[in-house]
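**Q**
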Amino acid sequence: MGDIAAAGGMRGGSRPAGGGAGGGGGGRVSSGDAAAQRAANADAPHIPHLFRRISELFTPYRGELIVTGILVLVTAGLTVIPPLLTEQAFDVGLFPAEGGPNLPVLLELVGLMVLIWIVGAALGVWQTFLTAKVGNHVMGDLRVRLFTHLQRMELAFFTRTKTGVIQSRLQNDVGGVANVLTNTVASVLGNTVTVIAALVAMLLLSWQLTLVAVILMPLLVWVQRRVGQVRARIAGQTQESLSEMTAITQETLSVSGILLAKSFNRQSAEIGRYADENRNQIGLAIRQQMTGQWFFAMVQIILSIVPAIVYVVSAYLIVGGVDITAGTIVAFTTVQARLMWPLLGLMRVGLDLQTSGALFARIFEYLDLRPAIVDKPDARALPPADAGRVELRDVTFVYPDGEREHPTLDRVSLTIEPGQFAAFVGPSGAGKTTVSYLVPRLYDVTEGAVLVDGEDVRDVTHESLIAQLGVVSQETYLFHATIGENLRYARPDATDAELIDAATRANIHERIMSFPDGYDTVVGERGYRLSGGEKQRIAIARVLLKDPAILILDEATSALDSISERVVQDALDNASHGRTTIAIAHRLSTIVGADVIFVVDGGRIVESGTHGELLERGGAYAALYAQQLDVVSPAVR
Numbered sequence: 001m002g003d004i005a006a007a008g009g010m011r012g013g014s015r016p017a018g019g020g021a022g023g024g025g026g027g028r029v030s031s032g033d034a035a036a037q038r039a040a041n042a043d044a045p046h047i048p049h050l051f052r053r054i055s056e057l058f059t060p061y062r063g064e065l066i067v068t069g070i071l072v073l074v075t076a077g078l079t080v081i082p083p084l085l086t087e088q089a090f091d092v093g094l095f096p097a098e099g100g101p102n103l104p105v106l107l108e109l110v111g112l113m114v115l116i117w118i119v120g121a122a123l124g125v126w127q128t129f130l131t132a133k134v135g136n137h138v139m140g141d142l143r144v145r146l147f148t149h150l151q152r153m154e155l156a157f158f159t160r161t162k163t164g165v166i167q168s169r170l171q172n173d174v175g176g177v178a179n180v181l182t183n184t185v186a187s188v189l190g191n192t193v194t195v196i197a198a199l200v201a202m203l204l205l206s207w208q209l210t211l212v213a214v215i216l217m218p219l220l221v222w223v224q225r226r227v228g229q230v231r232a233r234i235a236g237q238t239q240e241s242l243s244e245m246t247a248i249t250q251e252t253l254s255v256s257g258i259l260l261a262k263s264f265n266r267q268s269a270e271i272g273r274y275a276d277e278n279r280n281q282i283g284l285a286i287r288q289q290m291t292g293q294w295f296f297a298m299v300q301i302i303l304s305i306v307p308a309i310v311y312v313v314s315a316y317l318i319v320g321g322v323d324i325t326a327g328t329i330v331a332f333t334t335v336q337a338r339l340m341w342p343l344l345g346l347m348r349v350g351l352d353l354q355t356s357g358a359l360f361a362r363i364f365e366y367l368d369l370r371p372a373i374v375d376k377p378d379a380r381a382l383p384p385a386d387a388g389r390v391e392l393r394d395v396t397f398v399y400p401d402g403e404r405e406h407p408t409l410d411r412v413s414l415t416i417e418p419g420q421f422a423a424f425v426g427p428s429g430a431g432k433t434t435v436s437y438l439v440p441r442l443y444d445v446t447e448g449a450v451l452v453d454g455e456d457v458r459d460v461t462h463e464s465l466i467a468q469l470g471v472v473s474q475e476t477y478l479f480h481a482t483i484g485e486n487l488r489y490a491r492p493d494a495t496d497a498e499l500i501d502a503a504t505r506a507n508i509h510e511r512i513m514s515f516p517d518g519y520d521t522v523v524g525e526r527g528y529r530l531s532g533g534e535k536q537r538i539a540i541a542r543v544l545l546k547d548p549a550i551l552i553l554d555e556a557t558s559a560l561d562s563i564s565e566r567v568v569q570d571a572l573d574n575a576s577h578g579r580t581t582i583a584i585a586h587r588l589s590t591i592v593g594a595d596v597i598f599v600v601d602g603g604r605i606v607e608s609g610t611h612g613e614l615l616e617r618g619g620a621y622a623a624l625y626a627q628q629l630d631v632v633s634p635a636v637r
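For what it's worth, UniProt numbering labels the leading residue of the sequence shown as 1, then goes sequentially.
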């Protein structure tokens, strides 16, 4: 599959023209991504629906959540007991109705308070461990789930979406909800229980003073909701800006991007582009940080002056004949002070949930994308191909999203017999490369059918189809790893002897052994430490290690010099021996020995035959041959 994915590089007009991840994007959001964003805005999920989906992420961790809930309830309940003990310490221990302080009672109450604080602290540590464990596991599950879903998306999705934007969804968006996933459950539950317990304690102490303490709460809740809406909007803009910064980084700091910038002396322009987006990011971050600060300052002021108001109100109540003791006032203000931080915590969590809602919506937007290429419910495995017969039956293909006005392939029918070497030639944009996309089902035909060994590729599992195919493309992709690791991408269980055999047949073994580290040589980013011919031969060795029944060569030598071309062509001849081969050819000299040559023009097969037969006809192939090799064939003199 790695080789098939490598075939997706932008080349010629016979593939979608949407903005890929390459350097030509200019930092702008691709039309496909913009369309997806508009769709997301139009169909934004309702908050209850969003929270339901978030809560489902915690389902696998019910046990830990139940234990966490019990710990939170116990810890929150314990925090309310010391203020009630404080009332008793004042009224019974320090200032009893008769006589001096009652030391035994006072020591007993103080000891009980210390014990409660120790137990509460220990339970708090346990609770923190469980919440951190659950939260980080949920975040990891979400990241893997998103990555898995993206792996299943069709090629067209990646040709219209910047790689940096996809990376930002995985890293910035998922990372942005880490705090909510880690702390929200315990924070909401713990603070809610604490607030309720504190309110109950306050009511038990004095319902009159409780009314004074909570009279402004409805106003604070309304203001908090308004602040949360603003922060959620800013959070969405912040993530869009982070996506753009990630895309700029991916484009310009890759090996290809650096080479392009240096070649055109555009480093200053790229720095300016990054700096502009960075300034935008800073401004948004400051706005998000400051939004609500006046609200929280107001809340703190109100909650801080409540004790002073309680003292004044208490005096009026005592004058009015209400029985309120000094211990009651001290205990009430203590409870009210303990109420302040959980209440602030709840309000902050509420804001975090509203803010994170924008991030979760972006994550679920990608998770809700439906791959265009999926197995049918009744899809069967394609049997191991001893034959490798390929047939296009009245195939018409139009690239999705209106990327082309006319069909790329128009009612094409052809058959490639088992073991044949079939070449596709024609002018740029004729549609020849599209054939190499339809056989492995990277795209589905618009009309007609593609068959492998008599089976419609839409009726078999994609995994079993890919197992029969190998692709060597012009734009070879190698990982930043050793040569051996790159080869074993095709077969992780391959032995060293099998690696050497594949490399030998690809004419690259001796060159590998000339490196000081041999097969342990690190090839660098995208294999830039190797020459083009060396990379191609390693790619051929990788395909040979896979040993597919059908081999697709997508202009595999068009970017090489003549000397490298001959060496690589020998390796390709070895690779194609004994298997069905589909070659998309730019240089006609590489396919003169093909069993059959299909000439593609305007999305149709205009000629087919061997090299000699087509020259004798003096048609389109003869004209291409004469133009490319600067000769005039005898048939057209």
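Note that CB positions come from ideal geometry on N, CA and C, so glycine has one too. Since we're looking at a predicted model, the values are computed, not measured.
1. Can you tell me where the alpha helix (DSSP H) holding valine 134 begins and where it ends?
2. Note the first and the last residue of the continuous beta strand (DSSP E) segment covering threonine 581.
3. For the alpha helix (DSSP H) that contains leucine 382, what are its first and last residues?
4. Are the CB atoms of residue 638 and leucine 487 nearer to each other than 7 Å?
5. If you reduce the DSSP assignment to three classes, tell me which class glutamate 534 lands in.
6. For valine 92, which three-state DSSP category applies?
7. Using the beta-carbon count (16 or more within 10 Å), is valine 474 buried or exposed?
8. Look up serine 206 in the DSSP assignment and say whether it is helix, strand or coil.
9. Would you say threonine 182 and proline 342 are within 7 Å of each other, going by their C-beta atoms?
10. Around the Cβ of arginine 62, are there at least 16 other Cβ atoms within 10 angstroms (buried) or fewer (exposed)?
11. Measure the CB-CB distance between leucine 142 and valine 174 and report whether it falls below 7 Å.
12. Exposed or buried, aspartate 520, counting other C-beta atoms within 10 Å across all chains shown (16 or more means buried)?
13. From the DSSP output, in three-state form, read off aspartate 410 for me.
14. How many Å lie between leucine 624 and glycine 419 at the Cα?
15. Does DSSP classify glycine 99 as helix, strand or coil?
16. Quick one: any contact between the stretch 410-419 and the stretch 382-392, if contact means 3 or more CB pairs under 8 Å?
17. So what's arginine 38 in DSSP terms, helix, strand or just coil?
18. Where threonine 476 and threonine 482 are concerned, what is the direct C-alpha to C-alpha distance, given to the nearest angstrom?
19. Quick check on the DSSP output: the alpha helix (DSSP H) that includes glycine 612 runs from which residue to which?
20. How big is the Cα-Cα spacing for valine 398 and leucine 451?
21. Assign glycine 8 to buried or exposed, taking buried as 16 or more other Cβ atoms, counted over all protein chains shown, within 10 Å of its Cβ.
22. With a floor of 4 residues, list each alpha helix (DSSP H) that falls wholly inside the stretch 420-505, ordered by position along the chain.
23. Please go through the same chain and pick out, in chain order, the residues whose beta-carbon is closer than 8 Å to the beta-carbon of valine 212, but skip the five residues on each side of it.
24. Can you tell me the Cα-Cα spacing of glutamine 167 and serine 243, whole angstroms?
25. Do you know offhand how far glycine 93's Cα is from isoleucine 66's?
26. In whole angstroms, give me the CA-to-CA distance for glycine 533 and valine 435.
27. How is the alpha helix (DSSP H) around leucine 166 delimited, first residue to last?
28. What are the start and end residues of the alpha helix (DSSP H) that includes glutamate 270?
29. Around the Cβ of tyrosine 621, are there at least 16 other Cβ atoms within 10 angstroms (buried) or fewer (exposed)?
30. Could you tell me the boundaries of the beta strand (DSSP E) in which phenylalanine 397 lies?
**A** Reading off the structure:
1. Numbered from its first residue, the sequence shown carries residue 134 at position 134. Note, valine 134: alpha helix (DSSP H), 103-151.
2. Working through the sequence shown from its first residue, we reach residue 581 at position 581. Taken as a continuous stretch (DSSP letters only), the beta strand (DSSP E) holding threonine 581 covers 580-584.
3. For this step, residue 382 is matched to residue 382 along the sequence shown. Here leucine 382 belongs to no alpha helix (DSSP H), and DSSP marks it neither H nor E.
4. Because the chain in this structure spans residues 1 to 637, residue 638 falls outside the shown range and cannot be described.
5. Looking up residue 534 in the sequence shown gives position 534. Residue state, collapsed to three classes: helix.
6. Here residue 92 corresponds to residue number 92 of the sequence shown, with the count starting at 1. Three-state DSSP puts valine 92 in a helix.
7. For the purposes of this step, residue 474 is taken as residue 474 along the sequence shown, with counting starting at 1. Before going on, a small fix: residue 474 reads as glutamine here, not valine. So glutamine 474 counts as buried.
8. As a first step, residue 206 must be located in the sequence shown, where it is residue number 206. The answer is coil: DSSP assigns serine 206 none of H, G, I, E or B.
9. The residue labelled residue 182 in the question sits at position 182 within the sequence shown. The residue labelled residue 342 in the question sits at position 342 within the sequence shown. Against a cut-off of 7 Å, the Cβ pair of proline 342 and threonine 182 comes out as no contact.
10. Counting from one through the sequence shown, the residue named residue 62 turns up at place 62. Exposed.
11. Translated into the one-based positions of the sequence shown, residue 142 becomes position 142. Translated into the one-based positions of the sequence shown, residue 174 becomes position 174. Contact: yes.
12. Counted from its first residue, the sequence shown places residue 520 at position 520. So aspartate 520 ends up on the exposed side.
13. As a working mapping, residue 410 is identified with position 410 in the sequence shown. Residue state, collapsed to three classes: strand.
14. Mapped onto the sequence shown, residue 624 falls at position 624. Mapped onto the sequence shown, residue 419 falls at position 419. C-alpha separation (whole angstroms): 26 Å.
15. The sequence position of residue 99 within the sequence shown is 99, counting from 1. It is coil, neither helix nor strand.
16. yes
17. Against the sequence shown, residue 38 aligns to sequence position 38. Residue placement at arginine 38 is poorly supported in this model, since its pLDDT is 39, which falls under 50; the coordinates still yield a value, given next. Note: arginine 38 maps to helix in three-state DSSP.
18. The residue labelled residue 476 in the question sits at position 476 within the sequence shown. The residue labelled residue 482 in the question sits at position 482 within the sequence shown. Spanning the two alpha carbons is a distance of roughly 15 Å.
19. Within the sequence shown, the letter at position 612 stands for residue 612. Per DSSP, glycine 612 belongs to the alpha helix (DSSP H) from 611-617.
20. Position 398 of the sequence shown, counted from the first residue, corresponds to residue 398. Position 451 of the sequence shown, counted from the first residue, corresponds to residue 451. Answer to the nearest angstrom: the Cα atoms are 18 Å apart.
21. To locate residue 8, count along the sequence shown from 1; it is residue 8. Only weak support exists for where glycine 8 lies, its pLDDT of 34 falling under 50; the coordinates are left without a value.
22. 432-438, 462-467, 483-487, 496-505
23. Position 212 of the sequence shown, counted from the first residue, corresponds to residue 212. Taken in chain order, the residues that qualify are Val306, Ile309, Val310, Val313.
24. As a working note, residue 167 is residue 167 in the sequence shown. As a working note, residue 243 is residue 243 in the sequence shown. Their backbone Cα atoms lie some 8 Å apart in a straight line.
25. Along the sequence shown, one-based indexing puts residue 93 at 93. Along the sequence shown, one-based indexing puts residue 66 at 66. If I take the Cα positions, the gap works out to 39 Å.
26. Counting from one through the sequence shown, the residue named residue 533 turns up at place 533. Counting from one through the sequence shown, the residue named residue 435 turns up at place 435. Each residue's alpha carbon lies about 25 Å from the other.
27. Numbered from 1 along the sequence shown, position 166 holds the residue referred to as residue 166. The residue asked about is misnamed: residue 166 is isoleucine in this sequence, not leucine. Here the alpha helix (DSSP H) through isoleucine 166 covers 163-168.
28. Your numbering for residue 270 matches position 270 in the sequence shown. Glutamate 270 -> alpha helix (DSSP H) spans 267-290.
29. As a first step, residue 621 must be located in the sequence shown, where it is residue number 621. Label assigned to tyrosine 621: buried.
30. Locating residue 397 in the sequence shown gives position 397, where the first residue counts as 1. Start and end: 390-397.
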